[in-house]
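Numbering (the numbering used here), first residue to last: 153 to 532. Before any comments, here is the structure.
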Amino acid sequence: MTKNRLLLLMVVFLFSLAFLPQRMMAQAVYGSISGTVSDSAGAVVAGATVTITSVERKTSDTVVTNDDGVYSKERLLPGSYEIKVEKQGFKSAAATSSVSVDTQTNANITLTAGVQTEVVNVELSGEVLKTDRADVATTFSTKEVTELPILDRNFTKLILLTPGTQQQLWNHAASENPQGSTQTIVNGQTFSGTGYQLDGTDNRDVILGIIVINPTFESVGETKITSSNYDAEFGQAIAGVASVQTKSGTNQFHGSAFEYLQRDRFQARNPFSQSTVNSLTGKAIPDSKKDQFGGSVGGPIIKNKLFFFGDYQGTRAKQGGSKLLTVPTALARTGNLSEYGVPIFNPTTGLQYTGNIIPACGVGQTPENNGCLSTQALNI
153 MTKNRLLLLM VVFLFSLAFL PQRMMAQAVY GSISGTVSDS AGAVVAGATV
203 TITSVERKTS DTVVTNDDGV YSKERLLPGS YEIKVEKQGF KSAAATSSVS
253 VDTQTNANIT LTAGVQTEVV NVELSGEVLK TDRADVATTF STKEVTELPI
303 LDRNFTKLIL LTPGTQQQLW NHAASENPQG STQTIVNGQT FSGTGYQLDG
353 TDNRDVILGI IVINPTFESV GETKITSSNY DAEFGQAIAG VASVQTKSGT
403 NQFHGSAFEY LQRDRFQARN PFSQSTVNSL TGKAIPDSKK DQFGGSVGGP
453 IIKNKLFFFG DYQGTRAKQG GSKLLTVPTA LARTGNLSEY GVPIFNPTTG
503 LQYTGNIIPA CGVGQTPENN GCLSTQALNI
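Structural data, given as C-alpha cells:
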C-alpha cells in the first residue's frame, strides 16, 4: 500500500512540474533582438509595446519596455523580423532587422509624438561596435552555406574557412566515423576540444571528440564558428564552437533538388601508371564514380502557426585504382639481374656485381656481411 501511494505521489509531482509556469534561460545558439525605445528628446519610453514578427513565418512575439525603456526578445530563429513599437501619445514606429545565430541584434527605436494610428518607418543604423559579447567568430548565412564550393558537401569542412583552423593529419576509422566528419584543430588546440551545437543541443561525441550528426547543407539555415571568447554556456569546449541552426518551414512552400556527379571520364590520367590502355579492361582509367543527390522541402501546416521542413542527401560511390607493379622473373629469383639493364652494387663493398649477378652465400657467409643471397631467399 505504501509503495502504491509513493508511486502515485511521484506521478502527481511530475505532472505538476509539467504545468507549473517556468522561467527558462535562452541559449545563445538562437538569436535575439534588444534595444532601447526613446522619444525625440532622448528620454526613455517605459511601457511601450514591442511586437516582433517573423517575415518568413508571420509568427509574432510581444514584449514591453521596462522602466529604462529597454526591451529584449530571445530564442529567435535566424531570419528577417519586423519590429513595431506602440505607445499611447506617440506615433507607431516600424523597422526591419535581421537575426543571426548566437548573436544579439541591437535595434534602438525613436518615437515621435502624435496619433498612435500613424506609423513611422524607422531605418536602423548598422551596428558599429558589438557590446554584448567579446567572441571572435565567423558567421555563414544560408546563401553562403549553399553556394560555397565544397566538393564533397561535408559540413565540417566549412569550419576550415575560419581563421586559425587546420585539418588534423589523421582521421578516425570509418567504423567510428561513418559520416566522414573532419577533425579540425582550432588555434592549435586538440581537435576534441571543439564543441558542436545543433539547434541548441550538444552535438559532440564525448568519447571520440567529433561531431555526432554531420548536418547536410540543405538543412543548415545558418552557422556560426566561434574560435575564441565564447560564452560560458559552452563549457565543454576548449578550442572552438560550431553552432548550427537548421532551416524551418515558412508560409510559402519551398524546396530544392541537387545532384553532383564525379566520373572517371572527367579525371586526368596518371602519366606513370595510366599512360596506356589496360589490355584486360580496355580502359586507361579505372571505373570510379561518386554521386551525391538529394533535396529538401518545407512549408506550412497551419499558416502563421505550424510548419514543416525535411531534407535528404544520398551518396553512392565506387572508387577504382591502378598500380604499376613489377614481378620478379624466374631468372631474377636466382639472383641474376642482368636482364634489368641497370648496374647492381654490393652494399657491403660498394662494388658492382659481376654481370649483375648476386652470388649465393657460401659456408660462413651472411647477406648482411657479404652481400650474397641466402639459401632461404633462393627458395622463395
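Beta carbons: idealized from backbone N, C-alpha and C, even for Gly.
Within 8 Å of any Cβ in chain C, is that where the Cβ of residue i sits?
i, result
"Ile-235", "In the structure shown, chain C cannot be found, because there is only a single protein chain."
Name the two residues that bound the continuous alpha helix (DSSP H) containing residue i.
i, result
"Glu-296", "294-299"
"Asn-521", "519-522"
If I follow the unbroken beta strand (DSSP E) through residue i, where does it start and stop?
i, result
"Glu-411", "406-415"
"Pro-480", "No beta strand (DSSP E) holds Pro-480; DSSP gives it neither H nor E."
"Asn-273", "271-273"
"Thr-257", "256-258"
"Ala-436", "Taken as a continuous stretch (DSSP letters only), Ala-436 belongs to no beta strand (DSSP E), as it is neither H nor E."
"Tyr-464", "458-470"
"Ser-448", "441-454"
"Gln-397", "392-398"
"Thr-402", "Neither: Thr-402 is in no beta strand (DSSP E) and is coded neither H nor E."
"Gln-319", "317-319"
"Ile-261", "261-263"
Would you mind giving the Cβ-Cβ distance between residue i and residue j, rounded to the nearest angstrom? I have them listed as a contact below 8 Å.
i, j, result
"Arg-417", "Ala-436", "Not quite, the Cβ-Cβ distance comes to about 10 Å (not below 8 Å), so this is no contact."
"Thr-336", "Thr-308", "7 Å"
"Thr-561", "Lys-236", "Because the chain spans 153 through 532 in this model, residue 561 falls outside it and cannot be assessed."
"Gly-231", "Glu-208", "5 Å"
"Glu-370", "Gln-465", "7 Å"
"Thr-398", "Pro-367", "7 Å"
"Val-274", "Gln-349", "Incorrect: roughly 33 Å between the Cβ atoms, too far for contact."
"Lys-376", "Ser-206", "Not confirmed; about 19 Å, so no contact."
"Asn-488", "Ile-509", "5 Å"
"Phe-461", "Ile-453", "With 8 Å as the limit, Phe-461 and Ile-453 do not qualify as a contact, their Cβ atoms being about 11 Å apart."
"Leu-229", "Ser-333", "With 8 Å as the limit, Leu-229 and Ser-333 do not qualify as a contact, their Cβ atoms being about 25 Å apart."
"Leu-300", "His-324", "Wrong, their Cβ atoms sit about 25 Å apart, outside the cutoff."
"Leu-310", "Gln-319", "In fact, because the Cβ distance is near 12 Å, the residues do not count as touching under 8 Å."
"Ser-250", "Pro-315", "Not quite, the Cβ-Cβ distance comes to about 23 Å (not below 8 Å), so this is no contact."
"Ser-425", "Lys-475", "6 Å"
"Asn-329", "Ile-362", "6 Å"
"Tyr-382", "Asp-287", "5 Å"
Tell me which same chain residues have a C-beta within less than 8 Å of the C-beta of residue i, skipping the five on either side of it?
i, result
"Lys-243", "Leu-263, Thr-264, Ala-265, Gly-266, Val-267, Gln-268, Glu-270, Val-271, Val-272"
"Thr-527", "Ala-512, Cys-513"
"Val-216", "Gly-199, Ala-200, Thr-201, Val-202, Tyr-223"
"Val-191", "Contrary to the premise, residue 191 reads as Asp rather than Val in this sequence. Hits under 8 Å: Val-197, Phe-242, Thr-262, Leu-263, Thr-264, Ala-265."
"Thr-402", "Glu-208, Arg-209, Gly-450, Gly-451, Pro-452, Phe-459"
"His-406", "Val-449, Gly-450, Gly-451"
"Asn-306", "Gly-332, Ser-333, Thr-334, Asn-366"
"Thr-481", "Glu-491"
"Gln-517", "Cys-524"
Excluding the 5 residues flanking residue i on each side, which residues of the same chain have their C-beta closer than 6 Å to its C-beta?
i, result
"Ala-409", "Gly-447"
"Tyr-412", "Gln-444"
"Thr-255", "Gly-183"
"Asn-260", "Gly-187, Thr-188"
"Ala-391", "Val-338, Gln-341, Gly-345, Thr-346"
"Val-364", "Asn-355, Asp-357"
"Asp-213", "Ile-204, Lys-225"
"Gln-174", "Low local confidence applies: a pLDDT of 45 at Gln-174 is under 50, so the model's placement there is unreliable, with the coordinate-based value given in what follows. For Gln-174, where only same-chain residues beyond five positions count, there are no Cβ hits under 6 Å."
"Gly-472", "Pro-438, Asp-439, Ser-440"
"Met-176", "Any answer about Met-176 is weak, because its pLDDT of 42 lies below 50 and its placement is not dependable; what the coordinates show is given next. Cβ within range, chain order: n/a, list empty."
Beta carbon of residue i: closer than 7 Å to some heavy atom of the ligand COA?
i, result
"Ser-224", "Judged by which ligands are present, the structure shown has none, so any question about the ligand COA falls away."
Could you name the residues of the same chain whose beta carbon sits closer than 7 Å to that of residue i, not counting the 5 residues immediately before and after it, in chain order?
i, result
"Lys-470", "Asp-439, Ser-440, Lys-441"
"Glu-234", "Thr-205, Val-207, Ala-246, Thr-248"
"Leu-483", "Glu-491"
"Asn-498", "Tyr-505, Gly-523"
"Lys-221", "In the sequence under discussion, the amino acid at residue 221 is Gly, which differs from the Lys named in the question. Contacts found: Thr-188, Val-189, Ser-190, Val-196, Val-197, Ala-198."
"Pro-423", "none"
In chain order, each alpha helix (DSSP H) run of at least 4 residues that lies wholly inside the region 321-384: Scanning the region 321-384 for uninterrupted alpha helix (DSSP H) segments of 4 residues or longer gives nothing; none is fully contained.
task: Could you tell me which uninterrupted beta strand (DSSP E) segments, each at least 3 residues in length, are contained entirely in the region 175-246, listed from first to last along the chain?
output: 183-191, 201-206, 212-216, 222-228, 231-238, all fully within the region 175-246.
- prompt: Touch check for the region 370-380 and the region 292-301: three-plus C-beta pairs under 8 Å?
  reply: Flag = yes, the region 370-380 and the region 292-301 touch.
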